[in-house]
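First up is the structure itself, then whatever we jot down about it.
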Amino acid sequence: MKANKPTVNEIGKWSVVPDSGIVFSNVNAYNAIVTGLAKSKVYTFKWRVSNPCGEDSSYMTITTSNQMGPPTANAGGDICLNSGTTSTTLAGNNPGPASGKWIKISGAAVSFVRDTLYNTVINGLSTGNYLLEWSNTRGTCDATRDTMMITVSGPATVANAGADVDSCGASVTLNGNTIITGIGKWSQVSGPGGWSISNASNPKARLTALTPGVYVFRWSVTNGACAGNFDDVRIRTSNVPTPALAGNSQKLCGGSSLTLNGNRITNGRGYWTLLNPSPNTPNVVDPDSGITNVTGLITGIYNFRYTSTTDAFCPNSTSDVSDTVVQKANAGADQSLCSATSAILTGNAGSVGTWSKVFGGTATLTAVPPNSAVASALNTAGSPYRFQYTVPTRWGCPASVDTMQVNVADSTVVPLAGPDQDLCNVSSFTLTANNVAPNTGTWSIVAAPAGNASTFSNPNSNTSTVNNVKTGTYIFRWTTSNGTCSRGDEIRIVNSPLPTKANAGPDATICPTTYKMKGNKAVSGIGTWTQLSGPASTIASPNDSFSMITGLTQATYSYAWTISSGICPVKTDTMIINIPNLNPTIANAGIDSIICNRTATKLNGNSPSIGTGTWTKASGPAATIAGPSSPNSNLTLTTAGAYKLAWTIVNGICKSTDTTVYTMYALPTTANAGKDTNICLFTPLILYGNNPSIGAGSWRYISGISTVTFVDSTKFNTAPLGLDTGNYVLRWVTKNGNCPVSSDDVKIRMIRQPDFASAGSNQILCQPFTTLIGSTNTVGKVLWAQKSGPSASTIATPNASTTAVSGLVNTPTNVYTYRYITQNEKCINKDSITVTYLKPTTTDNCSSARIILKTSGPVTDSLCATTAQVGEPMSCGKNACNSTWYTFVTNASTWYQPLNIDFTSLSNSVNGLRVSLFNTGGASCPTTLSPQFGSCQTVTSPTVLTWTGLAPSTQYFMVIDENAAICGNSKAKYTFQTSGNALPIEMLSFTARALDQNQSILNWETVTELNNKGFEVERKAEGEAEFKKIGFVAGAGNSNANLKYSYLDNITEVRPGLIFYRLKQVDFNGQSSYSSIATIRKAEGPISNPKLYPNPTNGSIVLELNAKEESNGTVVITDNIGKVVYSSSITVAEGFNSTPLSLTDMADGVYFVTFRTGEYTYSQKVMLIK
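Structure follows, in structure tokens:
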């Protein structure tokens, strides 16, 4: 299709009426490929393009005829040639059976060797670009066309976009380099839109209408079909800022704030700053606003700057304004002084003024410019004083005055708050300060207990009573004042609470040497322990009611617990500690013992020097202690288990106990490692030691060609890891406690697997014999055997990979099945092949050169002596007579090229020979030779016969017989040689066969090769649009022998369904042709969508798959030399499965993970990088 291409944010979609059978390669592609058109129909196609704003549609009609149209033209890829090259080979598609033609659309004069040949040679090339068109035509249908470009040139000039640019303004001149070879063009890579360019092909082009931002422009050099290059330049732009206008200067009289009036900035932003020097630092309310208030001004001249800016690429614009401020006079706050003789007078900041006394006694004023003065010689008699501050006329502002007052007072009587007091739980008390008349005294509380609510009976009385007091500490201040003068004195009064009643706890009778006291907690007051009687002991924490007493011995002790609170009466209680006995000898029951399968033993306690000892059983099975009071009593155990025994020494009320554990183990279960095993390498191996009922077991590696580890060495049925071809000894050891271990060895012989078995491709024969060709086996032996068939055939050498088979019979069930086995001892791989014998009705038993080979040299032969051949055709309009015939298959790509038969000699023929061609329709075992192709030709002397118009990839029979009316015993002999292009590489067969869900095998055979570089193997899965190259097999170059090829394809990732294969035969000169298509069907296997990830991995991987049904599987991991390093059995559930695997214990490298279930196998290479 050839619709218009949607632009950015647009979506196109095709539809068609009628739509039955129509398939679009991509329904949203403007150039989609349409298939499924039926003949003799009219189709209306609709191309709809939509975006968020709406949609539009266009229609076109395709009318199909009842004739097959030409194939889609494909002119091949563009071609780049070095300067000086004058010719090249084109690579259009083979249009057969349609015709094709090359034309030059643009470029200098050239010539085609053959303009109708898809892979013709073009001559006369010179430096420059050529645009060629390849069209395919067939019948009356429209031609299909495709174009390609040829460029003859040296390397393109290397692009240089110039240095990056920072620009102030909306235009920039680019600075790309001049292009000598190729074409240069500017394009935008990123940045804002809306710009214009003077000439995109000019390296010095001018960019205009740029907006502020960052652009990237690309200077690209293209060179037709040859490689180009590019270079990028970054351009950063900004606008010129709006010129700044700070407004007019202002004069402020008597105020402290004003408004700045800058202009509105349309490009960029504006902001205010204060220039130095300045009277002070006022507050600019919003510095980023052109119009803003300024507060906190004082008398002086302020200079403000208004700046307009965009960014670093453009210079700022500034404007300054000077504002004058004169504040009214401010003499400051009134002052109250105590016994002072001078005062400092200060006017408002920034002002200039003078001070004068306007009221009060005598005072001396000393000026301190510009706004201060010192008033001295002040006294209480002249108080109060009033002083005036005068600011004269300044900078056009009127004069102003302000006054303030200074009060001077005498000192006070010295206050004495009285002595500190300690009281006990009182609710009121009386203060005892001195009498400060004629001054005034006042009580105040400086500190008090929490929740204080006390009150003074008279706060101005020196003997005031304080009521409603709480227990705790108070601090009171007694302050005397005289006018503005005051001073104070403080007193501390502690009102202690009554102490908590003491309780020393109960008397105690104990064993030496420590005791924890049990006195009550002192809620009020502080408690203290003291020893009243008894030997010396140590009180660890005397003020702790639960203090430890240490150093106690056999005696009687008395202790007092006393609680005190300030001056309140103390509370005391006493308790007695009685220690009637010494501690016994410390018990030692001896060390723990481990016994193996023995019931009689002896205890091992210590002998007491103080007190007497006794044995008891604390836990465990039944046991008998022969002498409980004997430190070394005999002990009789009854069964395996742990026995806990206690040895206790008692002296009066004192005792000491220690325990020991006697553990008796039974003999472990006798180890049995299982039967010796011979097993094939890579086959999952599970060890089968016995599961011990007594004790535990573990596997050990004893010997072998590689070190073996285990999935879990403690499991009797674990899997060994690291096995390789050879002999191993592994040991199963059972152990229980300290009893002797039991062990058993198992011998394992790992047998190398035979090579992969491949029986080759299924065969369809036209004769009762064939050759079976199996894969080789470098290890062990091979065997061919007939599995089924209508009769017993003869296998000449069943123990050879290649063997002849004969004795086939043609019956209604004419299919034979042969099994091919590669074997190494008990390890077997097998494959099967079917051989179908189709006995033809057309036979020719007298010719020894049945197949015509293009390069096989002269063919010398004779006619059949008899007159009757089965299925012999009429030739040249006459009954067949003494005929001999030959077969050949034409070239796959040049069907119109000739076949030449050069008869170089003829003898013993009376009337000469008659020669005709027959096309069997491609049957491999024809039942008749028909129809005849072309005209009949006769040979009476050496001559060359020519046929043209042969179909591609078609089997023909050439029949030669006597040119006689009556048949007899012919003695005619002749020699001929083939030539022409109809006979390329002669491929006898090309087949494909699925081996399993993961692999297929391709087999093909040639009988001659000429200039053959090799075969590109191509594959296409069902539903895919195009074949893709998957491999290459080298050819033999030139050969007259039968050569066989094969290719093994991994189809694990190909979805189930039909899979198509074809071969692209490539000559050394670059010419190519395609084989016929071979098809297999990959069935829906038991497992689908297997996946192993991540890959590469740092140690942890996951195997995911979908299963049709539940099954058992194995996972085997081998290293890059095939050694098994991990093996495990897994259960596969129906549906989705996810199995984690770990490679963390393995060294970095390449590993192969193989999953098997039934006949299904999935294998994946994994790279481990930690």
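Numbering of the sequence shown is given in the numbering used here, commencing with residue 5 and proceeding in unit increments.
Where a beta carbon is used, it is the ideal one built from N, C-alpha and C, also for glycine.
S312 carries a strand assignment under DSSP once its states are collapsed to helix, strand and coil. Taking the Cβ atoms as the reference, S660 lies roughly 11 Å from A593, outside the contact range of under 8 Å. In the three-state scheme derived from DSSP, where H, G and I count as helix and E and B as strand, F980 is classed as strand. Between L734 and V750, the C-beta spacing is below 7 Å. K785 is bridged by DSSP to Q827.
Residues V1170 of the same chain have their beta carbon placed closer than 6 Å to that of N1099, with the five preceding and five following residues left out of the count. When the alpha-carbon of S1115 is set against those of S1104, N1124 and N1141, the nearest one is in N1141. As DSSP reads the structure, Y122 sits in no beta bridge. Beta-bridge partners of S500 (DSSP): C428. DSSP places S191 in the strand class (E or B) of the three-state scheme.
Contact between the segment 613 to 621 and the segment 533 to 545 is absent: fewer than 3 CB-CB pairs across the two stretches fall below 8 Å.
Secondary structure of C572 (DSSP, three-state): coil. In this structure, T416 places its C-beta atom within 7 Å of the C-beta atom of T484. The beta carbons of I1005 and L999 sit closer together than 7 Å.
Contact between the segment 285 to 292 and the segment 316 to 327 is absent: fewer than 3 CB-CB pairs across the two stretches fall below 8 Å.
By the criterion of a C-beta distance shorter than 6 Å, F937 is surrounded in its chain by L921 and N923, once the five residues flanking it on both sides are discounted. Counted as a single uninterrupted DSSP element, the beta strand (DSSP E) harbouring R1160 occupies residues G1153 to T1161.
Looking at the DSSP output, E59 shares a beta bridge with S54. N375 and K332 have their C-alpha atoms roughly 13 Å apart.
Excluding five sequence positions before and after R149, the CB atoms of its chain that fall closer than 6 Å to its own CB belong to A77, E137 and S139, given in chain order. Within the same chain, S360, V362, V405 and T407 come within 6 Å of Q392 by CB-CB distance, once the 5 residues on both sides are set aside. If you draw a 10 Å sphere on the C-beta of G701, you find 16 or more other C-beta atoms in it, and that means buried. An exposed status is given to I109, since fewer than 16 other beta-carbon atoms sit within 10 Å of its beta-carbon. The secondary-structure analysis by DSSP pairs E1108 across a beta bridge with K1095 and S1142.
Apart from sequence neighbours up to five positions away, the residues of its chain that approach S1092 with a beta-carbon distance below 6 Å are N1110, ordered along the chain. Where E137 is concerned, the enclosing beta strand (DSSP E) starts and stops at G132 to T141. Residues of the same chain with a CB within less than 6 Å of the CB of L671, apart from the 5 flanking positions on each side, are N601 and C743 in chain order. About 6 Å separates the beta carbon of G104 from that of G96, a gap short enough to meet the 8 Å contact definition. With a 10 Å radius around the Cβ and a threshold of 16 neighbouring Cβ atoms, S945 comes out exposed.
According to the DSSP assignment, F922 belongs to the beta strand (DSSP E) that extends over L917 to N923. Looking at the DSSP output, Q767 shares a beta bridge with V839.
The Cβ atoms of G492 and P442 lie no closer than 7 Å to each other. Inter-residue distance for V809 and G778 is about 13 Å (C-alpha atoms, whole angstroms). DSSP places N227 in the strand class (E or B) of the three-state scheme. Burial state of A1029 is exposed, judged by a 10 Å Cβ sphere holding fewer than 16 other Cβ atoms.
Bridge partners of M153 according to DSSP: L135.
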